[in-house]
Amino acid sequence: MTALPSAPTPAASAPAPAPAPQDFVRTTLDLGDARLRPWSRADIGSPTVDALIAASTDEAIALWNPLPTADRDAATKWLEARDDAWGKGTLATFALAESTRPDTLLGALTVRWTDRADGLGMIGYWLVPAARGRGLATRATRVAADWAFRTAGVRRLELAHAVENEASCRVAERCGFPAEGVLRASYRFGDGEYHDEHLHARLWSDREQVTTDR
Ligand SMILES: CC(C)(COP(=O)(O)OP(=O)(O)OC[C@H]1O[C@@H](n2cnc3c(N)ncnc32)[C@H](O)[C@@H]1OP(=O)(O)O)[C@@H](O)C(=O)NCCC(=O)NCCS
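Here the sequence shown stands for residues 89 to 302, where the numbers follow my numbering.
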């Protein structure tokens with residue numbers, strides 16, 4: 089057998105490895121006009137529940153991000169599961185709300201571990217129709233991704249969306265998650281069909297990159 093070449097010596101300028109993965113710790117992230125705040129049991133019985141029920145009926149959310157919050161009982165269970173996940177540190181799951189009117193729900197954003205031991209995470213988001221078209225998903229994703237890299241030891245953060253979802257593709261690109269390829273028939277969406285997805289990712293070592301425009 090031919091000898092394999094010896095492994096290259098790391099360059100002096102090789103980036104430092106990402107810190108060890110950590111639990112997600114309940115945090116509120118400030119976007120100025122809006123806030124990402126942890127979902128909690130305190131939302132049960134608030135106007136946020138009605139907003140969650142309404143969001144589940146929105147056509148785009150029902151297609152690309154189906155929500156199991158069709159009624160009060162379902163929304164309550166969903167909120168309890170989110171509160172519990174924060175307690176265990178396994179899921180960073182935020183409501184996006186107006187800063188001055190915290191009960192006005194704009195959307196949601198989640199960072200989850202895909203493989204915690206390997207520092208591999210996934211980010212996802214949705215906005216209510218009235219909050220779309222003003223760059224909010226972009227700002228929220230940038231802030232949440234920076235937070236996850238800084239505090240949770242995420243090494244690689246992935247973002248996947250159906251290839252037809254062009255708005256989500258733009259958000260990913262604008263947040264410094266370049267497209268890496270197409271996952272064929274990789275996820276069954278709200279229409280019950282498997283769709284191809286674009287896989288995007290941002291690395292811990294990319295975290296200082298300046299992302300442009302709004
Ligand atoms: C995807 C989503 C989060 C985008 O959030 P947003 O803050 O409204 O994003 P923007 O309105 O700033 O749009 C982002 C970009 O997509 C473009 N865009 C918006 N809707 C589009 C559409 N239907 N087709 C093509 N491009 C579109 C915008 O023009 C903008 O482009 P720009 O960067 O050149 O300005 C939001 O539309 C949404 O919640 N959709 C329903 C649920 C969903 O798709 N979740 C994501 C699952 S991966």
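All residues carry an ideal CB built from backbone N, CA and C; glycine is no exception. None of these values were measured; they are calculated from a predicted model.
Proximity to R189 [Cα-Cα], best of L287, S134, F265 and E268: Nearest C-alpha to R189: S134.
Taking contact to mean 3 or more Cβ pairs, one atom from each stretch, closer than 8 Å, check whether the region 160 to 178 and the region 128 to 146 are in contact. Of all C-beta pairs linking the region 160 to 178 to the region 128 to 146, three or more are shorter than 8 Å, placing the two stretches in contact.
How would you write the range of the beta strand (DSSP E) that W152 sits in, first residue to last? Boundaries for W152: no beta strand (DSSP E) harbours it, while the alpha helix (DSSP H) harbouring it runs E147 to W152, taken from the DSSP string.
Kindly confirm or deny that the region 224 to 231 and the region 201 to 215 touch, where touching means at least three C-beta pairs closer than 8 Å. As far as the Cβ criterion goes, the region 224 to 231 touches the region 201 to 215, which means the pair count is three or higher.
Which same chain residues, not among the five before or five after V251, have their C-beta less than 6 Å away from its C-beta? Cβ within range, chain order: D284 and H286.
To which residues of the same chain is Q110 closer than 8 Å at the C-beta, ignoring the five residues directly before and after it? Same-chain partners within the cutoff: G177, T239, A240 and G241.
Have a look at D146, A219 and P105 and flag the residue whose alpha-carbon is nearest the alpha-carbon of G278. Considering only alpha carbons, the answer is D146.
So within the region 189 to 240, which uninterrupted alpha helix (DSSP H) runs reach at least 4 residues, ignoring any that extend past its ends? Note on the region 189 to 240: whole alpha helix (DSSP H) runs with a minimum of 4 residues are 224 to 240, in chain order.
Quick one: does the C-beta of T51 sit closer than 7 Å to a heavy atom of ligand 1? Not covered by the structure: residue 51. The range shown for the chain is 89 to 302.
Can we count S256 as close to ligand 1, meaning its CB is less than 7 Å from some heavy atom? Answer for S256: yes, Cβ within range of ligand 1.
Measure the beta-carbon distance from W185 to R123 and round it to whole angstroms, keeping in mind my assumption that it falls under 8 Å. Note that residue 185 is Ala in the sequence shown here, rather than Trp. Correct: roughly 6 Å between the Cβ atoms.
Can V259 be considered in contact with ligand 1, in the sense that its beta carbon sits closer than 7 Å to one or more heavy atoms? Yes, ligand 1 has a heavy atom inside 7 Å of this Cβ.
Taking DSSP as the reference, what is the three-state secondary structure of G120? Three-state result, G120: coil.
Proximity to L179 [Cα-Cα], best of D161, G209, W152 and L194: Minimum Cα-Cα distance from L179 among the listed residues D161, G209, W152 and L194 corresponds to G209.
Could you give the C-beta distance for G207 and R244, rounded to a whole number, given that I count them as a contact under 8 Å? Beta-carbon to beta-carbon, G207 and R244 are separated by about 7 Å, close enough to satisfy the 8 Å threshold.
Who are the Cβ neighbours of L224 in its own chain at under 8 Å, not counting the five residues just before and after it? Here the set comprises L119, A122, L184, L194, G195 and L215.
Between the CA atoms of Y282 and W152 - distance to the nearest angstrom: Between W152 and Y282, the C-alpha separation is close to 11 Å.
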